[in-house]
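Student:
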Amino acid sequence: MEDAGPKRELFLKTVKEWQASEADACERIEKLMKRVKSPLITTTLDIMKQDSGRHKTLLQIIIDSIEGNKDLVDIKELADLSSTLREHLAIESKMIHVASNTYESSQQYIVQYIASFILADEKKHHEMLNKLLSLAEVKT
Ligand SMILES: [Fe+2]
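Structure follows, in structure tokens:
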């Protein structure tokens with residue numbers, strides 16, 4: 185938790201400005217999407233738009249945690265889910281392997297573009313799950 189007082193207010197201000205930038209990016213991408221029809225461009229822009237929306241939601245969690253002192257993670261819930269999350273970690277590892285093989289076995293730029301994008305996502309999912317599982321160890 186951030187310190188109370190001016191430092192806390194400045195931190196909150198920065199996070200809220202960041203959140204506003206994400207909302208702005210979302211709107212700009214939406215406008216841009218109206219100008220394109222190609223599936224690859226449309227999908228890339230749509231993913232960026234959805235990511236901006238998710239960033240906005242994540243930043244709201246930070247704001248809520250500072251302003252409302254909300255309990256954001258139920259450690260018991262996390263512990264109950266841990267074996268299922270570990271199973272999912274194995275699925276993500278498999279996806280990393282498939283995406284990596286697809287990327288390396290193709291010479292086509294478009295295939296590599298898509299496979300590298302998915303590969304980055306699968307690595308991110310793997311890391312997210314690992315960090316979530318670590319949280320249970322840190323908090324217990
Ligand atoms: Fe995944």
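The numbering of the sequence shown is the numbering used here, which starts it at 185 and goes up by one. All C-beta atoms, glycine included, are put in the ideal place defined by N, C-alpha and C.
#1: Taking all protein chains shown into account, do 16 or more other C-beta atoms lie within 10 angstroms of the C-beta of Leu303, making it buried, or fewer, making it exposed?
#2: Just to confirm, does Asp305 get its C-beta within under 7 Å of one of the non-hydrogen atoms of ligand 1?
#3: Are the segment 286-305 and the segment 232-252 in contact at 8 Å, needing three or more beta carbon pairs?
#4: DSSP three-state call for Gln296: helix, strand or coil?
#5: Determine the contact status of Leu262 and Leu319, defining contact as a CB-CB distance below 8 Å.
#6: Is it true that the segment 280-299 meets the segment 242-259, where meeting means three or more beta-carbon pairs spaced less than 8 Å apart?
#7: In chain order, what residues of the same chain lie with their CB nearer than 7 Å to the CB of Leu269, ignoring the 5 residues before and after it?
#8: Taking Met232 and Ile245 to be in contact with their CB atoms under 8 Å, please state how far apart those CB atoms are, rounded to whole angstroms.
#9: In whole angstroms, what is the alpha-carbon distance linking Glu306 and Phe195?
#10: Between the alpha carbons of Val257 and Gln291, how many angstroms are there, rounded?
#11: Quick check on DSSP: helix, strand or coil for Arg270?
Tutor: So, to answer that:
#1: The count along the sequence shown starts at 1 and reaches residue 303 at position 119. So Leu303 ends up on the buried side.
#2: Sequence index remark: in the sequence shown, residue 305 carries index 121 (1-based). For ligand 1, at least one heavy atom lies less than 7 Å from the Cβ of Asp305.
#3: no
#4: In the sequence shown, counting from the first residue as 1, residue 296 sits at position 112. The answer is helix: DSSP assigns Gln296 an H, G or I state.
#5: The residue you call residue 262 lines up with position 78 of the sequence shown. The residue you call residue 319 lines up with position 135 of the sequence shown. Cβ atoms of Leu262 and Leu319: closer than 8 Å.
#6: no
#7: Within the sequence shown, residue 269 is the residue found at index 85, counting from 1. Contacts found: Leu313, Leu316 and Leu317.
#8: Residue mapping note: residue 232 aligns to position 48 of the sequence shown, counting from 1. Residue mapping note: residue 245 aligns to position 61 of the sequence shown, counting from 1. The Cβ separation is near 21 Å, so there is no contact.
#9: Along the sequence shown, one-based indexing puts residue 306 at 122. Along the sequence shown, one-based indexing puts residue 195 at 11. Cα to Cα, Glu306 sits roughly 31 Å from Phe195.
#10: For the purposes of this step, residue 257 is identified with residue 73 of the sequence shown, where counting begins at 1. For the purposes of this step, residue 291 is identified with residue 107 of the sequence shown, where counting begins at 1. Spanning the alpha carbons of Val257 and Gln291 requires a straight line of approximately 44 Å.
#11: As a working mapping, residue 270 is identified with position 86 in the sequence shown. Looking at Arg270 - three-state DSSP - the assignment turns out to be helix.
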